[in-house]
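These protein sequence lines are chains D and H, in that order. Reminder that position 43 of the first sequence reads as 83 in my numbering, one-by-one numbering, no gaps. Reminder that position 139 of the second sequence reads as 167 in my numbering, one-by-one numbering, no gaps. Yeah, the Cβ is synthetic: ideal placement off N, Cα and C, and Gly gets one too. From a predicted model like this one, the values you see are computed outputs, not experimental measurements. Report on the following structure.
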Amino acid sequence: MIRKVVANADLALDGLADGMTLMVGGFGLCGIPENLIAALRLRGSRNLTCIANNAGVDGFGLGLLLESRQIRKMISSYVGENDEFERQMLSGELEVELIPQGTLAERCRAAGAGIPAFFTPAGVGTEVAEGKEVRLFHGKPYLMELAFDADFALVKAWKGDEAGNLIFKGTARNFNPMMAMAGRITVAEVEELVPAGMLDPNAIHVPGIFVHRIFQGAHYQKRIEQRTVRPKNTPL
Amino acid sequence: MALDKNGIARRIAQELREGWYVNLGIGIPTLVANFVPEGFALEFQSENGILGMGPFPFEGEEDADLINAGKQTITSLPGASFFDSATSFGMIRARKVQLTVLGAMEVSDRGDIANWKIPGRMVKGMGGAMDLVASADNIIVAMQHSNREGESKLLSACTLPLTGVGCVKKVVTDLAVLEIDPQRGFILLERAPGVSIDEIIAKTGGRLIVEGDVPEMVL
Chain D
41 MIRKVVANAD LALDGLADGM TLMVGGFGLC GIPENLIAAL RLRGSRNLTC IANNAGVDGF
101 GLGLLLESRQ IRKMISSYVG ENDEFERQML SGELEVELIP QGTLAERCRA AGAGIPAFFT
161 PAGVGTEVAE GKEVRLFHGK PYLMELAFDA DFALVKAWKG DEAGNLIFKG TARNFNPMMA
221 MAGRITVAEV EELVPAGMLD PNAIHVPGIF VHRIFQGAHY QKRIEQRTVR PKNTPL
Chain H
29 MALDKNGIAR RIAQELREGW YVNLGIGIPT LVANFVPEGF ALEFQSENGI LGMGPFPFEG
89 EEDADLINAG KQTITSLPGA SFFDSATSFG MIRARKVQLT VLGAMEVSDR GDIANWKIPG
149 RMVKGMGGAM DLVASADNII VAMQHSNREG ESKLLSACTL PLTGVGCVKK VVTDLAVLEI
209 DPQRGFILLE RAPGVSIDEI IAKTGGRLIV EGDVPEMVL
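Written as C-alpha cells, this is what we have:
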C-alpha cells in the first residue's frame, strides 16, 4: 500500500505557491474543505486562481480567502451570496469568469480523465460562446470546452483511508470527486480517516490513485446557508 | 385577479406527468413540489447531486450534507440516490430529465431566455441554467408577467444577456399560460381567474396570438 497520510492541513499544502491554480470542492458551503481553506489563509499564498462552483459567503468558505485578498481570479458558475466578492468584482480587484455549472463539472472530469476538450450545448448563442469553436453534430451546434489544468485540488470527503480512497455523504459529494481526479496534486481532508482495509472496496467513490495526500480534518462547522424546515406533525 | 407565487406553482404542477424526472429551479419553481398530488409517481432531481428529493426536514433534523441547488436543507425519499456534479449534468445533457421549470428575467416570443445577469447591476452567474435550457426537451418558465418597473418580461427580443436560445416551450405567469411557437410568438392558452384578455395584451411585449375563447385557468 502506498501511504498518503499527512499529519495536518498545513503539511498537506506543502509546495503550494503564489500564482497557482487551485480547484476547491463544494457546492455552496456543502462539502467544502474547511481545514484546507483555513490553512491556506494562514499560509498567506497570494495571486491564486480558484476553480470552485461558488465563492463561499462573507466570513466563511472561500469568502475567507477573498477577505484576505489571496484570490486573483475566480472561475465559478454562481456567486450570488457574497458581498465582499461582489465589491471586489465590481471594483475590478478580482477577475471573475462565470461558466455554466455542467461545463465546470465536465472540465474537471475531462482533466481527470485525460480528455483535453469536449463539446457541450450549454452556452450556445450566449456570451459564454464568445471566442469558442462551434461545431455541428447531428445538425445541432455545440461549443468546444477545454479541460482545466490545476496545480492543486483541495477536496473534502466523509470517510477516507490511508490508501487515499474516498467516500462522500449526501449532496456533499458534488464537485469533489471530479476535482480529486483532476489535480496535479490532490489533497483530501476527511471527517473520519481509517486504516486501509476498513472501507468496503465496493463502496469507494474515488479510488486512492487520484489522491496524493490525505488527513483527518478537525472542528468541522458544516454551516448551513439556507436552513429550511417544516414544523413537526405537519403532513407532506 | 393575478395569481400569487403559489398560484403560479399550482398551475405548473398541473403540467407534471407520472414517470417524469423533474428539475425545479430556485424561487417560484421550488414551490411546484408543494402541489404534487399524493402518490404521484415522479422524482425531483436537484443538479447538486440528488434524485428523489423530499420535502424540507423537520425542525432539528436538518443535515448540512443534504441540500438542494438553492442551498436549502432537504430530505431524501425512499429510492433516492446521490451522485457527483458531472453525473448530474450528464443526465441533464443526455435528456433523462423530462421537465425543467425555471425562473426568468425575460423571455422572447422565439423562446429565448435571459436569467443570469444584468450588466453593471447584478452578476450572480448562470449556475446550472445554461446546461439545463440547452438540453431539456421541455422547459417551462415560471415568472411574473411584468418586472418591478411594470415593464413586460415577455418581449419580442431579450434585452439582457441570454441564458439560452429558442428553448422555452411554455410560460406560466401571474396573468396567463402561454405556449411559444417560434414562428408565431406567444400563444395565449389560459387566463388567470378574472384577468381579461385586454390586460394580457396590454402587458405583453412580444407577438401575442389570441385565438377564440381563451379559458380561465382551473386551479
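8 Å or more divides the Cβ of Gly-65/D from the Cβ of Asn-205/D. Distance between Leu-183/D and Gly-194/H, taken at the CA atoms: about 17 Å. Within the segment 202-215 of chain D, the residues whose Cβ lies closer than 9 Å to some Cβ of chain H are Phe-208, Lys-209, Gly-210, Thr-211, Ala-212, Arg-213, Asn-214, Phe-215, listed in chain order.
With a threshold of 16 other beta carbon atoms within 10 Å, Asp-137/H meets it and is buried. Taking all protein chains in view, the Cβ of Met-171/H is crowded by 16 or more other Cβ atoms within 10 Å, so the residue is classified as buried.
Contact check between the segment 129-145 of chain H and the segment 99-106 of chain D: fewer than three CB pairs, one atom from each, fall below 8 Å, which does not count as touching. DSSP links Arg-270/D through a beta bridge to Phe-86/H.
When Cβ-Cβ separations below 8 Å define contact, Ala-162/D makes contact with chain H.
Out of Ala-193/D, Lys-172/D, Val-164/D, Glu-170/D, the CA that lies nearest to the CA of Ala-157/H is found in Val-164/D. Cβ contact annotation for Pro-210/H (same chain, cutoff 7 Å, sequence separation greater than five): Arg-138, Gly-139, Gly-194, in chain order. For Gly-213/H, DSSP records a beta bridge to Asp-209/H.
Look at the segment 98-121 of chain H: the residues with a C-beta under 9 Å from a C-beta of chain D are Gly-98, Lys-99, Gln-100, Thr-101, Ile-102, Ser-104, Phe-110, Phe-111, Asp-112, Ser-113, Ala-114, Thr-115, Ser-116, Phe-117, Gly-118, Ile-120, Arg-121. For Ile-264/D, the residues of chain H that pass the 7 Å Cβ criterion are Glu-90, Ala-92, Thr-101, in the order they occur in the chain.
In terms of CA proximity to Val-136/D, Arg-112/D leads the group Leu-176/D, Arg-112/D, Ala-153/D, Thr-143/D. Within the segment 134-179 of chain D, the complete beta strand (DSSP E) runs of at least 3 residues fall at 135-138, 157-160, 174-177. When Cβ-Cβ separations below 8 Å define contact, Leu-79/H makes no contact with chain D. Between Ala-57/D and Gln-110/D, the alpha-carbon positions lie close to 11 Å from each other. Distance from the CA atom of Arg-81/D to the CA atom of Arg-127/D, rounded to whole angstroms, is 20 Å. Listed along chain D, no residue sits closer than 9 Å to Pro-221/H by beta-carbon distance, the nearest being about 26 Å off. Taking C-beta atoms as the reference points, Met-218/D and Asp-112/H count as a pair closer than 8 Å.
When secondary structure is reduced to three states using DSSP, Val-60/H falls in the helix class. Between the beta-carbon of Val-199/H and that of Leu-182/H there is about 7 Å, and that keeps the pair under the 8 Å contact cut. At least one C-beta of chain H is nearer than 8 Å to the C-beta of Cys-70/D.
The beta carbon of Thr-128/H sits no closer than 8 Å to any beta carbon of chain D. Leu-233/D and Met-63/D have their C-alpha atoms spaced approximately 22 Å apart.
With contacts defined as CB atoms closer than 8 Å, Phe-67/D and Thr-211/D qualify as a contacting pair. For the segment 30-64 of chain H, there are no residues whose beta carbon sits under 7 Å from a beta carbon of chain D. Look at Pro-217/D: its C-beta is under 8 Å from a C-beta on chain H.
Listed along the chain, the chain D residues whose CB falls inside 7 Å of the CB of Ser-180/H amount to none; the nearest CB is some 22 Å away. Against chain H, a Cβ distance below 7 Å from Thr-268/D picks out Phe-84, Gln-100, Thr-101.
Between Leu-59/H and Phe-72/H, the C-beta spacing is not below 8 Å.
If you look at Lys-196/D, you'll find it in the beta strand (DSSP E) that goes 192-201. Within the model, the alpha-carbon separation for Arg-253/D versus Asn-96/H is close to 30 Å. Closest in C-alpha terms to Lys-209/D, from the list Gly-71/D, Glu-146/D, Arg-43/D, Leu-53/D, comes Gly-71/D. In the structure shown, Pro-241/D adopts helical secondary structure according to DSSP, grouped into three states. Within a 10 Å sphere around the beta-carbon of His-259/D sit fewer than 16 other beta-carbons, which makes this residue exposed.
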